[in-house]
Each structure stands twice: as structure tokens, then as C-alpha cells.
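Take a look at the structure below.
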Amino acid sequence: MKVLIIGLGQAGGKIADEFTLDDKKSEFSGTIKCITVNTAKSDLMGLRYISMEDRLLIGETVVKGHGVGADNKKGAKIMEDEIDVILNHVSHLDVSNRDAFFVIAGLGGGTGSGAISVVCNSLKQIYDEPVYSVGILPAENEGDIYTLNAARSLKSLLPTCDAAILVDNGAFLHSGESVRQAYDRINSDIAKRLGILFRSGEISSKSQVAEMVVDASEIINTLKVGGICSIGYASEAVPKKRIFSKFLGKDQYETGKAARIFSVVKRAVKGRLLLPCDSKSTSKALIIIAGPPDQLDRKGIEKSRQWLEKTIAGTEVRGGDYPLPNSNFVGCVVLLSGISSSPRVVSMLQRAKYVQERKAEEPSKEKDLDYFLGEIENLKK
Amino acid sequence: MLFLVGLGGAGCKVIELVYKKSLIDSLKSRMSSPKEIQISGVAVDTSEAINKLTSIPLNNRILIGKSLAKGHGAGSDIDFGKQLVTNELDLVLGILSNTDLGSAEIIFLIAGLGGGTGTGGFSVLANKIKSIYDIPVIGVLLLPSIRDGNIYSKNAEIGFHEIKKEADGLIIIDNDTLYRLGGKNSNKFQGSNEAIIRFLSSIQWDVPFKFIKGRNSSFASMKINAESVVLIDLVKNLIKNYLFVQLQENFESLYLVIYGNKSKIHGQSSAESWIREKFGAILICDYKPQFNSKFINCYGILSGIKGIEKRLTTEIKGKETTSEFQSLLNDINSI
Numbered sequence: 000m001k002v003l004i005i006g007l008g009q010a011g012g013k014i015a016d017e018f019t020l021d022d023k024k025s026e027f028s029g030t031i032k033c034i035t036v037n038t039a040k041s042d043l044m045g046l047r048y049i050s051m052e053d054r055l056l057i058g059e060t061v062v063k064g065h066g067v068g069a070d071n072k073k074g075a076k077i078m079e080d081e082i083d084v085i086l087n088h089v090s091h092l093d094v095s096n097r098d099a100f101f102v103i104a105g106l107g108g109g110t111g112s113g114a115i116s117v118v119c120n121s122l123k124q125i126y127d128e129p130v131y132s133v134g135i136l137p138a139e140n141e142g143d144i145y146t147l148n149a150a151r152s153l154k155s156l157l158p159t160c161d162a163a164i165l166v167d168n169g170a171f172l173h174s175g176e177s178v179r180q181a182y183d184r185i186n187s188d189i190a191k192r193l194g195i196l197f198r199s200g201e202i203s204s205k206s207q208v209a210e211m212v213v214d215a216s217e218i219i220n221t222l223k224v225g226g227i228c229s230i231g232y233a234s235e236a237v238p239k240k241r242i243f244s245k246f247l248g249k250d251q252y253e254t255g256k257a258a259r260i261f262s263v264v265k266r267a268v269k270g271r272l273l274l275p276c277d278s279k280s281t282s283k284a285l286i287i288i289a290g291p292p293d294q295l296d297r298k299g300i301e302k303s304r305q306w307l308e309k310t311i312a313g314t315e316v317r318g319g320d321y322p323l324p325n326s327n328f329v330g331c332v333v334l335l336s337g338i339s340s341s342p343r344v345v346s347m348l349q350r351a352k353y354v355q356e357r358k359a360e361e362p363s364k365e366k367d368l369d370y371f372l373g374e375i376e377n378l379k380k
Numbered sequence: 000m001l002f003l004v005g006l007g008g009a010g011c012k013v014i015e016l017v018y019k020k021s022l023i024d025s026l027k028s029r030m031s032s033p034k035e036i037q038i039s040g041v042a043v044d045t046s047e048a049i050n051k052l053t054s055i056p057l058n059n060r061i062l063i064g065k066s067l068a069k070g071h072g073a074g075s076d077i078d079f080g081k082q083l084v085t086n087e088l089d090l091v092l093g094i095l096s097n098t099d100l101g102s103a104e105i106i107f108l109i110a111g112l113g114g115g116t117g118t119g120g121f122s123v124l125a126n127k128i129k130s131i132y133d134i135p136v137i138g139v140l141l142l143p144s145i146r147d148g149n150i151y152s153k154n155a156e157i158g159f160h161e162i163k164k165e166a167d168g169l170i171i172i173d174n175d176t177l178y179r180l181g182g183k184n185s186n187k188f189q190g191s192n193e194a195i196i197r198f199l200s201s202i203q204w205d206v207p208f209k210f211i212k213g214r215n216s217s218f219a220s221m222k223i224n225a226e227s228v229v230l231i232d233l234v235k236n237l238i239k240n241y242l243f244v245q246l247q248e249n250f251e252s253l254y255l256v257i258y259g260n261k262s263k264i265h266g267q268s269s270a271e272s273w274i275r276e277k278f279g280a281i282l283i284c285d286y287k288p289q290f291n292s293k294f295i296n297c298y299g300i301l302s303g304i305k306g307i308e309k310r311l312t313t314e315i316k317g318k319e320t321t322s323e324f325q326s327l328l329n330d331i332n333s334i
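Chains A and P, in that order, are what the protein sequence lines are.
Under numbering that gives the first Met the number 0, the first residue of the first sequence carries the number 0, and numbering increases by one thereafter.
Under numbering that gives the first Met the number 0, the first residue of the second sequence carries the number 0, and numbering increases by one thereafter.
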């Protein structure tokens with residue numbers, strides 16, 4: 000699946016940067032093309048891998064390259080005014096060869112949060128290719144303003160894109176990690192998981208063809224239900240083969256292959272989702288099992304697919320394998336689409352609703368001043 | 000001469016094997032079964048994966064739906080697959096007219112049921128070929144295993160009923176029977192694909208065609224490392240262990256092609272009566288001479304198999320879900 004990724008804001012830009020690196024390292028170079036857009040110059044300059052001409056700075060006249068400061072209304076306004084800059088740039092890239100757009104942004108901040116729905120909306124109006132979004136939710140403890148931003152951004156985003164893949168920034172935090180390390184890890188996690196998804200159906204001269212190819216059409220059909228989607232990934236190292244074991248008479252039949260695949264799949268669905276959610280509320284799923292060809296045990300693959308079919312609410316589980324001859328890992332990417340229940344999203348929306356109501360009740364500062372001035376006048380009398 | 004058309008991912012892999020046979024392989028098989036029949040084939044697919052099947056000559060590989068599917072296949076969507084094949088039917092027919100299709104006795108249209116291109120496009124392509132050439136079109140269908148998943152089973156069920164109307168007869172290979180051939184995922188289908196090729200190329204089709212016509216059939220192939228055999232044992236073994244479908248009910252006839260010395264094979268009448276009593280079917284034996292008398296090669300065509308529709312019936316129970324977010328989102332102002 001050849002994709003065009005548009006990273007908006009700081010978080011979006013960093014993830015787009017990871018994708019660029021990921022694409023450069025892989026044998027299918029060119030599968031992923033990234034551009035990034037920001038209102039803050041320093042954020043754009045901090046990126047490492049995206050080429051300079053693909054970094055677009057907008058809103059210079061309004062904020063002078065200093066960002067919008069977590070004001071997503073401003074972010075949306077700037078993007079609406081300068082959407083032509085992005086559309087023009089996109090039209091020069093080979094869009095007809097691309098199978099989908101992925102617009103990535105952090106939903107809690109300013110630029111990305113406000114701009115994501117604007118960009119999705121305009122892309123959808125011009126292009127036939129599906130437009131998907133990847134939204135990063137702020138962690139629960141980051142603060143109310145980010146929670147409210149994210150909820151509002153999500154509300155505007157859902158009707159404008161074909162499917163929204165959500166990522167929880169607070170998911171599986173490691174202990175003793177600095178903020179920067181945590182963000183870097185989550186960003187590279189996102190790039191790694193989606194990267195496998197994008198590349199699994201690509202065909203190069205070197206690669207081996209899968210028994211069941213997960214082509215772009217399979218991914219698009221899975222995401223067709225729309226709504227909120229999540230991605231899970233788990234992997235396990237494969238024990239190394241001893242070269243001489245055959246001659247030393249220690250060549251044994253490997254028994255753990257099927258069990259390994261089943262456990263990896265279960266882990267990906269139950270515990271390693273980027274957006275923790277109830278897998279029972281999913282309407283469609285896609286499962287890709289990657290690894291060295293001799294490790295892809297048929298029974299394991301079939302068993303895990305049957306299990307997933309029973310687990311989700313819907314009936315459609317697409318799937319396939321992705322042989323990686325030189326890999327030492329067996330990995331599994333699961334894409335769940337049309338999620339209707341996620342405690343994390345519900346609690347975020349509830350909190351946002353509460354914050355919004357409190358904000359409405361809160362008397363504005365000007366009113367306070369008027370009140371006190373009135374009091375002083377009264378005293379004077 | 001036989002002509003094979005592979006449609007969709009599974010069908011194309013079978014065609015690949017036709018051409019993949021190395022020189023040594025073909026010499027070997029010529030030794031064991033003297034009258035190997037000439038085969039040629041064309042592969043048609045909507046996915047770029049077809050480009051990896053490099054054994055097939057470039058002119059015999061047809062990639063369709065480039066503008067709509069961008070070379071990514073139909074994504075297990077029958078209607079989309081049908082649309083893609085319908086749109087470029089003329090292109091496919093144009094390429095077919097440049098091959099030796101016209102001089103074929105039978106055309107075998109090979110497709111996997113369950114996916115998008117093969118399942119959806121079969122009826123369209125079969126119909127068109129039949130309207131142009133006066134050659135019978137037999138469908139060779141690979142049924143998805145029940146373990147493959149509901150979506151593929153459902154596709155197979157829908158596709159089968161359409162395909163049945165268009166084909167002059169069906170040869171069915173059930174992937175559920177592959178378990179006994181078993182092994183790694185990477186050669187999941189190779190066993191059955193090789194068996195299909197060996198089977199199609201080892202039989203003179205003029206007589207068996209009468210039995211297959213308009214019916215659901217399947218086949219079994221078996222090699223016995225013995226010079227002589229009692230026929231009833233061979234037949235029992237063949238039906239029980241080597242048949243490519245799971246027999247649910249009765250069938251109408253068993254056409255046996257045996258490469259071996261006729262005088263060394265005993266008990267034809269008892270085998271005939273066993274089959275009549277057990278299945279209500281007739282047994283036809285066709286003996287062919289074999290140069291190497293150390294083993295016996297045996298191919299069986301079971302036709303008029305009942306209960307295929309029942310095997311394909313899938314009951315899908317999906318649960319309804321209601322979104323938890325919608326009411327909450329309604330309360331939140333958009334940007």
C-alpha cells in the first residue's frame with residue numbers, strides 16, 4: 000500500500016519523521032512519502048529525516064512562526080486560510096500512485112488538533128483515494144485543556160475522514176522513562192506498526208510472495224466501516240538455529256511454532272493495542288502475521304484467526320501472512336476497525352464534557368472587573 | 000490439448016506450476032505415465048502479485064483492473080472482483096485469442112472460491128468464453144477451508160451458486176482435505192496445486208467429460224508401490240483417504256484410470272458391487288499400460304457428488320454493537 004502521510008503539528012511531524020526513516024531503511028523504499036506542516040518554525044527545524052522542501056510552515060503572518068500555543072481554534076483558522084499551500088504541494092507529488100492518505104496529528108495541541116479535520120475535509124473533496132487519520136490522544140494526566148482540545152478535535156474529525164486510528168499517549172508507559180524517551184518510543188511504535196501494515200502487500204524483486212497476500216484493497220475494505228480504529232502489535236524472538244545441529248544429530252522437530260503464533264496474536268489484541276479498547280465491540284478486523292517463512296505455522300495462523308473471529312462482534316476477519324526470510328522475530332499486526340467501546344475514549348469525553356460545562360459557568364474576568372468596579376462605585380456613594 | 004485459465008490469486012498459482020515444471024520433471028513423468036497431455040495456460044489477476052509468478056511467460060500473464068484497483072486486487076469483495084473482470088473482459092479475450100485456446104478440447108477455468116477476483120469474476124469470464132468458442136468450460140474450484148474464516152466461507156457460498164450456472168461442470172478441491180498433506184504455511188497450497196496439474200495432465204478427457212458434464216465432481220490420485228492389487232481395497236482407500244473433498248452423501252459414478260498391468264489387478268466385479276451397494280454409483284475402469292511395472296498409478300474421478308451446497312452453507316452470527324461515543328460526542332462543541 001503506497002501512502003502519502005501528512006504530519007500536522009509537532010507530534011504529527013515527529014511521527015512523519017519516523018516514517019521517513021522507517022521507509023529509508025526498508026527494502027520497499029518509496030512506499031511511504033511524508034510531508035509535514037506546522038505553525039512553529041522550531042518544531043519543523045527539529046526534524047531529522049524529512050527533506051526540507053517537504054516541511055511547510057504556515058501562519059507566519061499571524062503567529063510569526065511561534066506556534067499557536069495549544070489554541071486549536073487558531074490552528075483551524077490558520078489552516079483554513081492557507082489550505083491551498085498544502086493542496087498545491089500535494090498535487091505535485093505522485094498522488095495517482097498512492098493508495099491512501101494518512102493525516103497524522105496530536106489531538107491535544109493546537110496546530111495539529113485544529114488543522115486535522117480541515118485537511119481531511121479538503122483532501123476528501125479533491126481526491127478519490129481514502130483519507131484516514133491517525134490521532135494521538137493526550138495522556139490522562141496531561142491536563143484538562145488538552146483533554147478538551149482532543150475531544151473537540153475528535154468530534155470535528157470523525158465526520159471528515161474515512162476512518163480514525165487513535166493512539167493513546169498514555170498507553171503502556173514504562174517506568175523510569177523521561178518524557179522525551181516516552182514520546183520517541185511511542186512515535187517509533189506507531190511508525191513500526193503502520194509500516195508493516197503498509198509494506199505487507201508490496202512486492203519487490205527480492206521479496207517472497209505470501210500465501211495469502213494482504214493487499215491494499217484488504218486494508219481499505221477493513222477500514223471501510225469507518226469510525227474509531229486501533230492497531231495492535233506484538234512480537235516474539237525466534238530461537239536461533241544451530242548450523243551444525245543437523246550433523247551432530249541434534250536436529251529436532253520444533254514443536255512451539257503454532258503456540259508461539261497464537262500467543263503473539265493474543266497478546267497483540269488483548270494487551271498491546273495503541274488505543275486500549277474492548278475487542279468485543281469491533282466490527283471488522285485485519286490480521287497480518289510476519290516472520291521467517293519456516294516459522295509461519297499453518298495451524299497457528301488458522302487457530303489465531305478463528306479465535307479473533309470469535310472475539311470480535313462482527314464477522315469479517317481478513318488476514319494474511321508476510322514472509323520475512325531474514326527476520327529473527329515472529330510478529331503480528333492487528334487492525335481493529337469500527338470500535339464502539341473504549342473506556343479510554345469514554346473517560347476522555349466525559350472529562351471534556353465536564354470541563355466544557357465548568358468553563359461555560361465560569362464568570363469571565365471582564366465580568367469580574369465590572370463587578371468590582373460597580374462595588375467601588377457603590378462604596379463611593 | 001488442454002487449456003487452463005487461472006483467475007485470481009489461487010488460480011494463477013496453479014498456472015505457475017504448469018510452467019514451473021523443469022525439464023527433468025517432465026521427463027520423469029513421461030516415464031511413469033506415458034501419455035502426458037500437452038497443457039498451456041493463461042493467468043488473469045487483479046493483483047500485482049501476478050508479476051512474481053515469473054515461470055509463466057509474460058504474454059500469458061494478464062493484470063487487469065489497473066485503474067480501479069491499482070494492482071492491489073479486489074480485497075475479498077466479490078462485487079468489486081466481478082466489476083473489475085467485466086470492465087476488462089475484452090482485453091482478456093483479446094489476449095486469449097492470440098493463444099492456442101481455439102484448438103483446445105476442454106478449457107479448465109481455475110479459481111479459488113472465497114476471494115474477490117476468482118469468485119466474482121468466474122461467471123462473467125466463463126460466460127464470455129462460452130459465447131465465443133464452442134468449447135466446454137469446466138470449472139476447477141478450490142474451496143476455502145472452514146478454518147480460513149467466515150468472510151471467505153460466505154464469499155464461497157455466494158460465488159458457488161453463480162458459478163454453477165455458467166460452467167459446464169465443476170471439479171471441486173476442498174482445502175479442508177489438505178490437512179493430511181499438511182505442513183508449513185509456506186507450502187500450504189502447493190500439494191493440492193501439484194495434484195491438480197498432475198491429474199489434469201494424466202487423463203484423456205473425452206470419455207470422463209461425459210460423466211463430469213453438468214455435475215459436481217472431484218478427484219483422487221494415488222500411487223501404490225506394488226505390482227498387483229485387489230481393486231476393492233484400492234477403491235476403498237482412494238475414496239477414504241485420497242479424495243479431495245469430504246464425502247457427505249452419495250455420488251453417481253467413479254471413473255478410474257489405472258496405469259498398470261491389467262492382469263495384475265483383481266476383483267473388479269466385487270469392487271463394482273461394493274460401490275453400487277454403498278453409494279448407488281457405477282464404477283468404470285480404464286486401464287493404461289505402464290512401462291515401469293514396479294508401481295501402479297491410479298486416478299479417480301468422482302462425479303455427481305451430492306451435498307457440496309451443504310458443505311458451503313455458512314451461518315454467520317454477528318453481534319450488533321452500539322457506539323458508546325455518539326451520545327457523548329453530541330454534547331461536545333466542535334472547533
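Glycine included, each C-beta is placed from N, C-alpha and C at the ideal position.
Among the candidates the options, whose CA atom is the shortest distance from the CA of residue i?
i: T45/P; options: D175/P, D76/P, S262/P; result: D76/P
i: L307/A; options: F188/P, G317/P, S201/P; result: G317/P
i: K305/P; options: Q245/P, T116/P, I14/P, L255/P; result: Q245/P
i: E319/P; options: I338/A, V332/A, T146/A; result: I338/A
i: G113/P; options: T53/P, D330/P, A280/P, G8/P; result: G8/P
i: W237/P; options: S268/P, I257/P, E314/P; result: Inspection of the sequence shows that residue 237/P is occupied by Leu rather than by Trp. Among S268/P, I257/P, E314/P, the Cα nearest to that of L237/P is on I257/P.
i: M78/A; options: N37/A, D98/A, I300/A, I286/A; result: N37/A
i: A416/P; options: G213/P, F208/P, I231/P, K239/P; result: Since the first and last residues shown for chain P are 0 and 334, residue 416/P lies out of range.
Under 8 Å between C-beta atoms, does residue i make it to chain A?
i: G119/P; result: no
i: N154/P; result: no
i: T321/P; result: yes
i: L83/P; result: no
i: I157/P; result: no
i: N149/P; result: yes
i: L327/P; result: yes
Going by DSSP in three states, residue i sits in which element: helix, strand or coil?
i: L282/P; result: strand
i: G213/P; result: coil
i: A114/A; result: helix
i: L274/A; result: coil
i: R60/P; result: strand
i: M44/A; result: helix
i: S229/A; result: strand
i: N377/A; result: helix
i: A10/A; result: helix
i: G181/P; result: Residue confidence is low: G181/P scores 47 on pLDDT, short of 50, so the model does not pin down where it sits. Its coordinate-derived value is still stated next. In the structure shown, G181/P sits in coil (DSSP, three-state: anything other than H, G, I, E or B).
i: K123/A; result: helix
Spell out whether any CB of chain P is found under 8 Å from the CB atom of residue i.
i: A258/A; result: no
i: R357/A; result: no
i: V212/A; result: yes
i: G113/A; result: yes
i: I4/A; result: no
i: G200/A; result: yes
i: E25/A; result: Glu is not the amino acid found at residue 25/A; the sequence shown has Ser there. With 8 Å as the cut-off, S25/A does not count as an interface residue toward chain P.
i: A150/A; result: yes
i: D98/A; result: yes
i: A75/A; result: yes
i: K466/A; result: Here chain A covers residues 0 to 380 and nothing more, so residue 466/A does not appear.
Task: Interface positions of the stretch 40 to 74 of chain P facing chain A (Cβ-Cβ less than 9 Å), listed along the chain - done: For the stretch 40 to 74 of chain P, which is checked against every Cβ of chain A, the residues closer than 9 Å are T45, S46, E47, A48, N50, K51, L52, A68, K69, G70, H71, G72, A73, G74.
TODO: For the stretch 305 to 326 of chain A, enumerate the residues whose C-beta is nearer than 8 Å to any C-beta of chain P, in chain order.
DONE: Listed by position along the chain: Q305, E308, A312, G313, T314, E315, V316, R317, G318, D320, P322.
TODO: Return the residues of the stretch 343 to 355 of chain A that lie within a Cβ-Cβ distance of less than 8 Å from chain P, sorted by chain order.
DONE: V344, V345, L348, Q349, A351, K352, Q355
Open item on the list: With a threshold of 8 Å, are at least 3 pairs of Cβ atoms found where one atom belongs to the stretch 153 to 161 of chain A and the other to the stretch 180 to 199 of chain A?
Closed with: no
- [ ] Could you tell me whether the stretch 103 to 117 of chain P touches the stretch 132 to 141 of chain P, where touching means 3 or more Cβ pairs closer than 8 Å?
- [x] The stretch 103 to 117 of chain P vs the stretch 132 to 141 of chain P: in contact.
Task: Cβ pair count under 8 Å reaching 3, the stretch 332 to 351 of chain A against the stretch 321 to 330 of chain P - done: yes
TODO: Decide yes or no for the touch test of the stretch 85 to 105 of chain P against the stretch 56 to 65 of chain P: beta carbon pairs closer than 8 Å, at least 3 of them.
DONE: At 8 Å Cβ cutoff, the stretches touch.
- [ ] Tell me, please, whether the stretch 267 to 278 of chain A touches the stretch 298 to 318 of chain A by the rule of three or more beta-carbon pairs shorter than 8 Å.
- [x] The stretch 267 to 278 of chain A is in contact with the stretch 298 to 318 of chain A.
- [ ] For the stretch 120 to 128 of chain P and the stretch 146 to 155 of chain P, state whether three or more C-beta atom pairs, one from each stretch, are separated by less than 8 Å.
- [x] no
Open item on the list: Taking 8 Å as the cut-off, does the stretch 213 to 233 of chain P touch the stretch 155 to 172 of chain P (at least 3 CB pairs, one atom from each stretch)?
Closed with: yes
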